[in-house]
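Only one structure is covered here, and it is reproduced in the block below.
Residue numbers (our numbering), protein chains in the order written: chain V, 1 to 518; chain X, 1 to 367.
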């Protein structure tokens, strides 16, 4: 997979002297990039380093500043023509929730082909087969909105590769795996490698450095809109890669000594929801407990179930001695629960409101004055303090949340909940789609909260994250706790093995997925 | 705990070196002149510029009538009822609920107050209370349809609107209710400082709604609910109650406007209601493009409502045909909504238009 660049292969994508200026910001500054046939090039960098801008220029959504040369396909081929050979899968996937997978995959087909005659089983089977190639086992005729994030990503990827009439096209993957779990990532990447072997050039934009190291041939690092490194992956290891992105070597997160032996703070007794079945656990003050498991194991549901964001069909949640009224978010917050949802754009933050308004939304009572007036000045001052605390960039309290980068949005939302002084912090994928620098800052905040005596539950598909943060990790399978790993026995490899472990009933499920992947 | 978490983070090596290392230009708050320029920009106060334009145009066109103080007093008083309906609509729209029944709610308030006085021989306070209570009941019904039965607010209120029209017909028998007592009529026509009472009612209601929307936690929750229902719910906002509050306020204020209209006419007219819906919705949506960068707001709505009324009045004075006001209101609504869309996401709009052109040139983007 990691051959050195092959100079004999034709160049499929050539970018020279590419700059892009926005008012008050130079997003890209003299970027050069080259992708050859059969090559997988990873583009890495902070949020705000220019990766998304680069993708959008390649896709033709932005015009570059004058003086840039972009050549897609062979030399002399006009850009407009070449663009047809460039397939971009954007971070937000570009699929339509109310349509089914079959219909979504039909959207990109040539309008000349009368697809409505072919409706029915053939098209459905074709879609199912294509989705199956990427490890998806679900009904392609249900609305996409009812599927999970990973399943939606699979549809987008299958769609991009559908109707691929020649080998040497270019596939641009913009953060394709943010919602994936380890095994699903591997399934997808096997397909990506196959595509590259067929002669395509692949541009991978990813925050997940292990993926970058595992998949790509060459790494291009962007920092503040400039290319700071363009080198073969063989010359890089994890630390070097982090150094390239952050501009310095990031110290391993200082986990520090957490007693872990605080008083019991949360007691969960036999809760159940759609996926979770009869799950019980305890959480102590100052303890960080991880929750892992494949997609569908209940890992993605547990935090929202405890908080009341999803309907709990049975079971009790006790904070201290008090039982929290089920399915009542206000009661949960009043009892000291805080919940950071997995998707910032779907329920995480109110994107149209400002940083200030988002920060204070869950708890405005301390800012209430006579006649129910909201004290704007105090609110602003508090927002500025929190912006400094979490190193928000830019530290502008009045900026709408949607205009911040992903990492900064997440910092605001975490600050929002730390501000409520939670007794239990429920985090669901706390660093999804967040760059390395912001990730470390978020870990610091989580650890600081635990040190202050909050119990923290981290549900995450990122094994590295769980190993870095947690005192112990619960591995879920089919809605129940399958095993528990203590800090001493916690390694990334061990955790990954435990999560996809082949034993008993669960192996059947994994087998099906593996078969489908063939 | 707040201060301690802050301390721990502030003293950590990571954030201490981050600003120096990040390479971002330090962020500066906007300067005074930039703020002033932004405040006076066409985008921010287009209604005021439009007003100046209309004022100059009609002053030159029909100076003798347009510039008389009587016309302006009549305009302020006559438009107060429409403006009141628009202001009542603001919280509802801010919470993401589109109340298309607002016109019928005006009609219901108008006819019920008149009916209570004329047919049931109630005194004025009872008649007023009846109309307002009916408004509240309609508001609760709207809320139940939208939140309880999960019908989209457009559809739900469209249905309610028709039901209300039927009730108005039933109560009034399709006839005007005349001979309302003088004490009731004086609610609408009594004057103070040369302006009729409805102007002061409007001022009071607008002030109250402005205060709640912009100065209290409740108002913040209303905006959060309208901007993203799920996110607001997950942040602990009881979105169902917020929507109840907004639908009830909208319907009660509309009923209040209706009874004031009945008082101004000294007649309960079963046909006046629907005529209020379009001007009120136009004013509220046009108002959202003013002052607050696309956010629904009370003062923008008041200004927009009176600017539209000035346009209509000027056209009437200039002797243009009867259909002109409808045209003016309709065009104003469309322009206002297009402007609000543009304000919300100028870049993606332009990108969308750009893509459209790219596609028609046959060089579409595959993504």
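Cβ atoms here follow ideal geometry from the backbone N, Cα and C, with glycine treated the same way.
Predicted, not measured: the structure shown is a model, and the values here were computed from it.
Asked, Found
"CB contact below 8 Å: residue 346 of chain V versus chain X", "yes"
"Chain V contacts from the segment 227-244 of chain X (Cβ-Cβ distance under 8 Å)", "227, 228, 230, 231, 232, 233, 234, 235, 236, 237, 238"
"7 Å CB neighbourhood of residue 491 of chain V in its chain, flanking five on each side removed", "467"
"Beta carbon proximity, residue 34 of chain X to chain V, threshold 8 Å", "no"
"Contact set between residue 414 of chain V and chain X, taken where Cβ atoms lie within less than 9 Å", "In chain order: nothing, as chain X lies at least about 10 Å away."
"Chain-ordered neighbours of residue 292 of chain X on chain V, where CB pairs are closer than 9 Å", "The contacting residues do not exist; residue 292 of chain X stays about 11 Å from chain V at best."
"Beta-carbon spacing of residue 329 of chain V, residue 295 of chain X below 8 Å", "no"
"Under 8 Å between C-beta atoms of residue 248 of chain X and residue 87 of chain X", "no"
"Proximal chain X residues relative to residue 309 of chain V, where beta-carbon distance stays under 7 Å", "234"
"Residue 432 of chain V in three-state terms, based on DSSP", "coil"
"C-beta atoms of residue 484 of chain V and residue 460 of chain V nearer than 8 Å", "no"
"Bridge partners - residue 192 of chain X, DSSP secondary structure assignment", "X:195"
"Residue-chain proximity (residue 216 of chain X, chain V), Cβ-Cβ < 8 Å", "yes"
"Classification of residue 429 of chain X by the beta-carbon crowding that lies within 10 angstroms, buried from 16 upward", "There is simply no residue 429 of chain X to check, as chain X begins at 1 and stops at 367 in what is shown."
"Whole-angstrom distance between residue 226 of chain V and residue 17 of chain V, CA atom to CA atom", "11 Å"
"Buried/exposed call for residue 344 of chain V, threshold 16 Cβ in 10 Å", "buried"
"Amino acids of chain V, ordered along the chain, whose beta-carbon sits closer than 8 Å to that of residue 224 of chain X", "350, 353, 357, 361"
"Segment contact, 8 Å Cβ cut-off, at least three pairs: the segment 359-372 of chain V with the segment 428-443 of chain V", "no"
"Distance, residue 203 of chain X Cα to residue 191 of chain X Cα", "15 Å"
"Chain X contact for residue 372 of chain V (CB, 8 Å cutoff)", "yes"
"Below-8 Å beta-carbon distance, residue 333 of chain V vs any chain X residue", "yes"
"Reduced DSSP secondary structure (H/G/I, E/B, other) of residue 459 of chain V", "strand"
"Cβ-Cβ distance between residue 192 of chain V and residue 41 of chain V below 8 Å", "no"
"Nearest neighbour of residue 267 of chain V, chosen from V:86, V:424, V:446 [CA to CA]", "V:424"
"Contact with chain V by residue 38 of chain X, beta-carbon distance below 8 Å", "no"
"Residue 541 of chain V at chain X interface by Cβ criterion, 8 Å", "Here chain V covers residues 1 to 518 and nothing more, so residue 541 of chain V does not appear."
"C-beta atoms of residue 268 of chain X and residue 177 of chain X nearer than 8 Å", "yes"
"Nonlocal neighbours in the same chain, by C-beta distance under 8 Å from residue 231 of chain X, ignoring five residues either side", "224"
"Closer than 8 Å at the beta carbon, the chain X residues around residue 330 of chain V", "236, 238"
"CB contact check: residue 364 of chain V to chain X, cutoff 8 Å", "yes"
"Neighbour list for residue 220 of chain X in chain V, Cβ cutoff strictly below 9 Å", "353, 357, 360, 361, 364, 374"
"Element boundaries [beta strand (DSSP E), containing residue 484 of chain V]", "480-486"
"Sequence-distant residues of its chain with Cβ nearer than 7 Å to residue 116 of chain X (five each side left out)", "122, 126, 127, 130"
"Beta-carbon spacing of residue 205 of chain X, residue 132 of chain X below 8 Å", "no"
"Element boundaries [beta strand (DSSP E), containing residue 519 of chain V]", "This structure gives no information on residue 519 of chain V, because the portion of chain V shown stretches from 1 to 518."
"Separation of residue 195 of chain V from residue 476 of chain V, as counted between CA atoms", "34 Å"
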